[in-house]
Each structure stands twice: as C-alpha cells, then as structure tokens.
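Trainee:
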Amino acid sequence: MSTGSWGRPQLQAPRLISLLHQQPNARAFRLQGDSNDQSADRWGRWRRTQPDKPAARCCSHPDSSPKCSHSRHESAADSRSVRVTRDRKLVCRRGAAECRGATHTQLLQAFKAEPGTAPVSGAPMISSRAALLIGSLLQAEPLPFEVMAERLSPERYQLKQFQGSDLQQRLEKFAQPGQIPDKAEVGQLIKGFAQSVADQLEHFQLMHDASPATVGQHAKADKATLAVSQTALGEYAGRASKAIGEGLSNSIASLDEHISALDLTLQGAEEGDKASLHADRQALVDAKTTLVGLHADFVKSPEAKRLASVAAHTQLDNVVSDLVTARNTVGGWKGAGPIVAAAVPQFLSSMTHLGYVRLSTSDKLRDTIPETSSDANMLKASIVGMVAGIAHETVNSVVKPLFQAALQKTGLNERLNMVPMKAVDTNTVIPDPFELKSEHGELVKKTPEEVAQDKAFVKSERALLNQKKVQGSSTHPVGELMAYSAFGGSQAVRQMLNDVHQINGQTLSARALASGFGGAVSASSQTLLQLKSNYVDPQGRKIPVFTPDRAETDLKKDLAKGMDLREPSVRTTFYSKAISGIQSSALTSALPPVTAQAEGARGTLSAGTILRNMALAATGSVSYLSTLYTNQSVTAEAKALKAAGMGGATPMLDRTETALNNIRHPNRESLPHTSLKSALSGIPRAAENAYHMGRGALQLPTQMAVDTVRVVEEGVLNAVASAREALKPAKEDDQLRALEESLLDPR
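Quick note on UniProt numbering: the sequence shown kicks off at 1 and runs consecutively.
Here it is as structure tokens:
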C-alpha cells in the first residue's frame, strides 16, 4: 500500500507503473510511501504465520473480522485474540489492495494487447480500459491528463498540442516583416488544427463513456478512479479548447510590443534609416490587422463553437455537481436569503414607481384637468403613463443594482445568504452533440442523418430547459399570473380593509404600500419557484435551473445597463416603457370607479358592493400592468423569432413584426409554453394560444409607436451625422485660409 501526493491511499498504481516502465517511450516516475514489494513481503509473512486461514475469506468482510467464519475468530476474550483480530483487519485491507492491484495489472495487460486501430478501416479504436488506467495513474501522481494519456500509450494518444505546432510557428512569422503568411492559408490551418483537437477530445470522452459499469467489491474505488480521470480530462479540454484563441491573442500582443519598440527606434533613428523602419512598421501594422481579423473570424467560427461544446461535454459531470452543491447552499430554510434579496428591492421599486410616482401624478392631474371630455381623459392618461413608464424603468434600473451592491458592501450577502438567483447557461448543461461516435469500438464520423437527428433532440431538450428558465419570470404565462395575483390581490385587500373601516385605504401612502407589498409577494413567489425548479436530463441527472449568483457586482456597469442613454437598446426600452405606460393608463382610466359610502352614512357597504370594489381594485392593477409586462418580453421574443428564421425581414420594424406574429402564429415553438400540443387533446395549448394572441393585441399599437419613434430617431441621427461630415471640409478650408492670412500678415 502506498500513499500518493494527494494524501489518499493508492492501491493499484505501483503495479501499473512497474509495467509501464516496460513500455518503450514510457517515462519513469516515483511514488511516495511504501513500495509494492514491501507490501507483498509483509503479506507473505502474515500468511506464513496463519497457514490455516485463507486470506480471501477474511477479505470478504475487511472492516469487521467477527464476520469471518473461521473458528479462531470466535474467541476474542483474551488480549492475544484482540491483537490478532486487529492485525487481520489491517491485512484484509492490504489483501484487497493486492487484489485490486492484480485486477488493474490484468487490465493494463489487456489494454496493451488491444489493437490501436481497426484492421480494415484504420480508424482509431476506443478503449474501454484506458480511462480507468489513466485515472489510476493520476491518483498516484497528480499530473495533467495529457501527460498521463501519453505515458499510457504514446502511440495511441499522441496529443494535438498548440505549443510547438505548425500553427504556432506560422503565427510567429507575423512578427517578421517580409515573411508574413497568407491570411487564407493561416485560416485553413487554424480550421484544420481546431478540428483535429476537437476530434481527439471527442475520442477521449467517448473513451470514458465506454468504460464498463463499476461492479463488485472494487466498484466504489473504480468509480472514484474514473471520476479523477474525467475531471482531469475536463481540465485539459478547457485548456485545449482555448489554446487557439489565446495563441492568436498572444500573437497580437507580441505585435503590439514590436510596433511600440519600432516607434521608440524611429524617434532616434538616422534620416536614412527611417524609410525602411517605417516600411517595417507598416508591415507589422498590416500583420496585426490580419491577425485581428483571423481572431474575430475564429471566435465566430463553427470550429470554435465545436471546441467549446466538446469541452462542455467533458466538464458536464463536474458542472452538474457544482450546480447542485451551489443550490444546496440555499436549500431549505437557507432559501429565505434569496427570497429577501428579491423581495426587498422589488418592494421599494413597486412602492416608488407604481405607487408614489404614478398615483401622485394622477391625483395632481385630477385636480388640474377636470374630466370634461374624452380628450381631457386621454391627456391625463398620456401624462400619467409617460411619467410612470419612465419612472418604472428608471427606478428598476437603479434600485436593484444599488441594493445588491449594498448587500455585498456590508457582507450581508454571505452572512445571511441574501444573494440573487441566476439561470444556468443552457449550452453548458446541454452541449451540442458530438460529430463522432463509437461503432463496434471504432471511432467513426456520424452520418448527416444522425447529426441532424441528434441536433433536433438537443434542440428539443434546450427548449424544455428554456421553458423552465422563463417559467417564473414576468415574461411567461405562469410568471405573469403570479404577478397579477400578487399585485391585484394586494390592492383588493387594501380596498376591503378600507370598506370595512379598518384603515383609510384611499390615502397615497396606503395605495403605494399596497403596490410595494404586491411587488414583494410577486418577487418572493418567483424566487421560490426558481429555488424548486429542476431539469432532468436524458441520463436522469437532476440539474438545478437556477443557481445563486455570488459574483461581485460592478455598480457602474450594472447601472449603465439600464441607464446609459447612449446605447440604442436602452433608449428603445425607455420608449417602450413610456408608450406602454400611456396605454396602461388609458385602459385603467376606462374602468368604472369604486363605490364609496355616502358622506355621513353609518355602517358599512353591503357585501356585494365590497366584493365589487375589491374586483375593481384588482382589475385596475392588472389592467395597468398587463401592457407593461406584455411589452417587457418583446425584445427577447424578437430575438427568438429571428433565431427561428421567422423574423428580421425589416430590422427597423422587428418589434411590430413580433407583435403581429404573436397574433398570427401563437403556437410557434419560439414562444414560451406551459403545455405540450398533444396534452389533454390540445385544450390547454389552445388556451395558451388565445393568451398569446391577447398579448399580441396589447403589443401591436405600442410597438408600432416604438418602431416609429426609432425610425424617426435614426433619421435624425443620420441627418446630424451627414451635416457634421458636410461641415468638416468647410471648417478645414476656413482654417487653411486663416493660416494663409497669418503667413501673409505676420502681425
């Protein structure tokens, strides 16, 4: 028995290493601790002193010697028997080590006897033994996966390394003026190298997938060994998948250094040398431009996407384990932290923009603009809606980042677990399918039909996960109903307490507090749903859909996301909120007022009147929120529509196009749904389709107005830019004329 450098007992590695020494090109390495020969010698001495007790029988229960059936174990009263029992426990474990070591020795011999390539096709063979053997070596000495794979079989697992490759050598030539390679040639070299790395990574992962199920007395240890190998492969895949991009970035940085060095040289160069130095500098600038283009092309290429996907496959087990561990930190009563972290800022936001800003503006205009005509009502709705809509976006964009930054500054995010929840990355937990497969142990390329089938399956699984991700948000039917219930319910309760004379529920503060309470309940409900949301993949793994977001916040960047009006997307969001607020206020103003008790009357309103008032209070809240929530999802829906190949025909009218598609094609897959088309004869899906059509009807007038404003804005900005360009030559002429005049008149 030996102890590896990780501090864990290593049972099988010494035998493996001794056999690896017999392989050509195998590199020697030493383990810490006792040698295998010493263990065997001790085992032999113990057996010679116990000739009538077979080792295998004791080893069947290595942790409990009384379970052994031999009669000598039944007498444990005296101290000698106790010592013998203790010694036998230890030797049973050593016997298990020897037994497992022998098993792995046989495994290595079988691996060495395997053909490396298929006899007919010449395709690489996928070994079902290699992963366990590599894991055994890694347990003995924690070296990188690529080192151990090559040590196991240099012929079969010669790695595709960026360092020292033809690609790296070609990139180095960009720093040598006069030897800069052709861009197209280097592009093809990058593509070929990326494909070869991805092929090898897929081979390694298929090799791990081919490992037989661990059974028998060593099942637990073998499972741990495979996990070690899988983890090391994931780490190697992460490095290998980023090597090309990092190599290009390093080459660009190297060119920057060369250009800076030339600039310094030019400052003190002789006049006769400057021409050649300028030529060299220009060559390096051109080389940098080429490399920047190659880097940009590679990042967006299918090869880069495939490398990232293969790396995600190799890391999936650890990613899922980390997600589960992270979610467990907010499990049970600890989930109160994320709920409070979501409820408090939403309470403050809703109380401010839905309560004080909107209601105070409405109350002020009620006294200023008498309700004498429909034009007056529309004017009030426009002012109230625009102010409230802008306040809605402004307050949300400020309060939540400030609150989260305050939690991190005070340390409450960790001490009280008050952290927000974030959705997992869909492509990380459901990567693209492999392009290669194992067919009778051979590594072969999938047929186009197989690739298409696998991609369709992955697409359906991603759609399922994405449905769960949006289920608790206000852009999903379930999430919207939760919000409507919370806000409408809080206003209904406020109205009821007012009507039964428990509170004065018509004051500004009472109505604002009810809005804040509705926001808190809505955020709490959505967070609770997120804490319980799981996706079960085809392998049966339960993957959390949401995980705690413990990343450090950057307040400046977070505020800029919603408040930087230099960004077109931010301006568009403000346009949408302002116009949505106008429509929301118009819908709310069309509702009849609640019935108030006559002045001086005694008692309370009738039960029917109270219920009617409660319904009106709830409906007023829902009618105002409906347009706002419906339009919040337009950007995401437009993006999904374009990704599905159904949108983007008129980029400046994409929001209107989305609203029209929600009316005309509510059953499309790019929209979030809560039920399958075939469930319960399609009745729930038909109800959902009607719901999406209603959303589209609410979206259409507002988004037509938003697109109109965007078109006008684009025209104004283009006109200003054109005028600026037109004025530039005139300005230069004026400057030139002034310079000439100053030269003619030295005064």
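Each residue gets a CB set at the ideal place from its N, CA and C atoms; glycine is no exception.
No experiment lies behind these values; they were computed from the predicted model shown.
Less than 8 Å between the CB atoms is what I'm expecting for Val604 and His501, so what's the real figure, rounded?
Mentor: As a position in the sequence shown, residue 604 is number 604, starting the count at 1. As a position in the sequence shown, residue 501 is number 501, starting the count at 1. According to the sequence shown, residue 604 is Thr rather than Val. Sure, about 6 Å apart at Cβ, within 8 Å.
Trainee: Reducing DSSP to helix, strand and coil, say where Thr85 ends up.
Mentor: Numbered from 1 along the sequence shown, position 85 holds the residue referred to as residue 85. Here the model assigns Thr85 a pLDDT of 43, short of 50, so the residue's position is not dependable and the matter cannot be decided.
Trainee: Give me the Cα-Cα distance between Leu698 and Ile610, rounded to the nearest whole angstrom.
Mentor: Your numbering for residue 698 matches position 698 in the sequence shown. Your numbering for residue 610 matches position 610 in the sequence shown. Taking the straight line joining both Cα atoms gives about 30 Å.
Trainee: Report yes or no: do three or more beta-carbon pairs, one from the region 373 to 393 and one from the region 551 to 560, lie closer than 8 Å?
Mentor: The region 373 to 393, when compared against the region 551 to 560, does not touch it at the 8 Å Cβ threshold.
Trainee: Could you check the C-alpha separation between Glu185 and Gln179 for me, to the nearest Å?
Mentor: Residue 185 sits at position 185 when you count from the first residue of the sequence shown. Residue 179 sits at position 179 when you count from the first residue of the sequence shown. Distance between the alpha carbons of Glu185 and Gln179: 13 Å.
Trainee: Any contact between the region 637 to 650 and the region 507 to 521? By contact I mean 3 or more CB pairs, one from each, below 8 Å.
Mentor: No: fewer than three Cβ pairs fall under 8 Å.
Trainee: Verify whether the separation of the beta carbon atoms of Ala326 and Pro548 is less than 8 Å.
Mentor: The count along the sequence shown starts at 1 and reaches residue 326 at position 326. The count along the sequence shown starts at 1 and reaches residue 548 at position 548. Yes. Within cutoff.
Trainee: Can you tell me whether Arg30 is helix, strand or coil according to DSSP?
Mentor: Locating residue 30 in the sequence shown gives position 30, where the first residue counts as 1. Annotation note: pLDDT 32 at Arg30 (below 50); position unreliable, coordinate value reported separately. Of the three classes helix, strand and coil, the one that applies to Arg30 here is coil, per DSSP.
Trainee: Among the candidates Gly608, Asp317 and Glu393, whose CA atom is the shortest distance from the CA of Ile579?
Mentor: Walking along the sequence shown from the start, residue 579 turns up at place 579. When each option's Cα is compared against that of Ile579, the closest is Glu393.
Trainee: Alpha carbon to alpha carbon, how far is Lys288 from Leu316? Give it in angstroms, no decimals.
Mentor: Within the sequence shown, the letter at position 316 stands for residue 316. Within the sequence shown, the letter at position 288 stands for residue 288. Going by the C-alpha atoms only, they are around 36 Å apart.
Trainee: What's the call for Leu727, buried or exposed, on a 16-neighbour Cβ count within 10 Å?
Mentor: Counting from one through the sequence shown, the residue named residue 727 turns up at place 727. Its Cβ having fewer than 16 others within 10 Å, Leu727 is exposed.
Trainee: With distances taken from CA atoms, which of Met378, Ala721 and Glu657 is nearest Ile582?
Mentor: Within the sequence shown, residue 582 is the residue found at index 582, counting from 1. Residue Met378 is the option with its Cα nearest to Ile582.
Trainee: Under the assumption that Phe457 contacts Glu202 (Cβ atoms under 8 Å), give the Cβ distance between them as a whole number of angstroms.
Mentor: Reading the sequence shown from its first residue, position 457 is the one you call residue 457. Reading the sequence shown from its first residue, position 202 is the one you call residue 202. Between Glu202 and Phe457 the Cβ distance is about 17 Å, and since that is not below 8 Å, they are no contact.
Trainee: Could you compute how far the alpha carbon of Gln139 sits from the alpha carbon of Val292?
Mentor: For the purposes of this step, residue 139 is taken as residue 139 along the sequence shown, with counting starting at 1. For the purposes of this step, residue 292 is taken as residue 292 along the sequence shown, with counting starting at 1. Distance between the alpha carbons of Gln139 and Val292: 42 Å.
Trainee: Between the C-alpha atoms of Lys422 and Phe546, what's the straight-line distance to the nearest angstrom?
Mentor: The residue labelled residue 422 in the question sits at position 422 within the sequence shown. The residue labelled residue 546 in the question sits at position 546 within the sequence shown. If you take the alpha carbons of Lys422 and Phe546, they lie about 5 Å apart.
Trainee: Does the Cβ of Met652 have 16 or more other Cβ atoms within 10 Å, making it buried, or fewer, making it exposed?
Mentor: For the purposes of this step, residue 652 is taken as the residue at position 652 of the sequence shown. When all chains shown are included, Met652 counts as exposed.
Trainee: Taking DSSP as the reference, what is the three-state secondary structure of Leu443?
Mentor: Reading the sequence shown from its first residue, position 443 is the one you call residue 443. In this structure, Leu443 counts as strand in the three-state DSSP scheme.
Trainee: My output table needs one value for Phe546: the three-state DSSP class, helix, strand or coil.
Mentor: Looking up residue 546 in the sequence shown gives position 546. In this structure, Phe546 counts as strand in the three-state DSSP scheme.
Trainee: So, at 6 Å on beta carbons, what are the nonlocal neighbours of Glu146 in its own chain, with the 5 sequence-adjacent residues on each side left out?
Mentor: Stepping through the sequence shown from its first residue, residue 146 is reached at position 146. Taken in chain order, the residues that qualify are Leu159 and Tyr236.
Trainee: Are the CB atoms of Gly488 and Val622 nearer to each other than 8 Å?
Mentor: For the purposes of this step, residue 488 is identified with residue 488 of the sequence shown, where counting begins at 1. For the purposes of this step, residue 622 is identified with residue 622 of the sequence shown, where counting begins at 1. In this structure, Val622 lies closer than 8 Å to Gly488 by Cβ.
Trainee: Among residues of its own chain, excluding the 5 on either side of Leu587, which ones have a beta-carbon nearer than 6 Å to its beta-carbon?
Mentor: Here the question's residue 587 lines up with position 587 in the sequence shown. Closer than 6 Å at the Cβ level, and outside the excluded window around Leu587, lie Ser623.
Trainee: What is the DSSP secondary structure of Ser2, counted as helix, strand or coil?
Mentor: In the sequence shown, residue 2 corresponds to position 2, counting from 1. Caution is warranted here: a pLDDT of 36 is assigned to Ser2, below 50, making its placement in the model unreliable, and the coordinate value is therefore given only provisionally. Correct three-state label for Ser2: strand.
Trainee: Relative to the C-alpha of Glu442, which residue among Leu284, Pro119, Thr225 and Ala687 is closest?
Mentor: Along the sequence shown, one-based indexing puts residue 442 at 442. If we check each option's Cα against that of Glu442, Pro119 comes out closest.
Trainee: At 4 residues or longer, what runs of the alpha helix (DSSP H) sit wholly inside the region 190 to 221?
Mentor: The qualifying runs do not exist here; there are none.
Trainee: Does the distance from the CB of Leu436 to the CB of Asp199 come in under 8 Å?
Mentor: As a working note, residue 436 is residue 436 in the sequence shown. As a working note, residue 199 is residue 199 in the sequence shown. Against a cut-off of 8 Å, the Cβ pair of Asp199 and Leu436 comes out as a contact.
Trainee: Identify the residues that DSSP records as bridge partners of Lys455: which are they?
Mentor: The residue given as residue 455 occupies position 455 in the sequence shown. Per DSSP, none; premise fails for Lys455.
Trainee: Tell me the rounded alpha-carbon separation between Gln539 and Val320.
Mentor: The sequence position of residue 539 within the sequence shown is 539, counting from 1. The sequence position of residue 320 within the sequence shown is 320, counting from 1. In a straight line, the C-alpha of Gln539 is about 12 Å away from that of Val320.
Trainee: In or out: Ala97 buried (at least 16 other Cβ within 10 Å) or exposed?
Mentor: By one-based count along the sequence shown, residue 97 stands at place 97. Bear in mind that the predicted position of Ala97 carries a pLDDT of just 46, short of 50, making it too unreliable to give a figure here.
Trainee: Can you have a look at Pro370 and say buried or exposed, based on whether 16 or more other CB atoms are within 10 angstroms of its CB?
Mentor: For this step, residue 370 is matched to residue 370 along the sequence shown. When all chains shown are included, Pro370 counts as exposed.
Trainee: Which of the three DSSP states, helix, strand or coil, is assigned to Pro345?
Mentor: Taking the sequence shown and counting its residues from 1, one reaches residue 345 at position 345. In the structure shown, Pro345 sits in a helix (DSSP, three-state: H, G or I).
Trainee: Please classify Ala296: is it buried, with 16 or more other beta-carbons within 10 angstroms of its beta-carbon, or exposed?
Mentor: By one-based count along the sequence shown, residue 296 stands at place 296. So Ala296 counts as exposed.
Trainee: How about Pro666 and Asn689: are their beta carbons less than 8 Å apart?
Mentor: Counted from its first residue, the sequence shown places residue 666 at position 666. Counted from its first residue, the sequence shown places residue 689 at position 689. Yes.
Trainee: Pull the bridge partners of Thr105 from the DSSP assignment, please.
Mentor: Within the sequence shown, residue 105 is the residue found at index 105, counting from 1. In the DSSP output, where bridge partners are listed per residue, Thr105 has none listed.
Trainee: Would you list the one or two residues that DSSP bridges to Asn534?
Mentor: For the purposes of this step, residue 534 is taken as the residue at position 534 of the sequence shown. The partner list for Asn534 (beta bridge, DSSP) reads Pro544.
Trainee: Could you pull the DSSP bridge partners for Ser438 from this structure?
Mentor: Position 438 of the sequence shown holds residue 438. Ser438 is bridged to Leu443.
Trainee: Please report the residue range of the alpha helix (DSSP H) in which Met148 lies.
Mentor: As a first step, residue 148 is located in the sequence shown; it is residue number 148 there, counting from the start. From DSSP, the alpha helix (DSSP H) with Met148 extends over Phe145 to Leu152.
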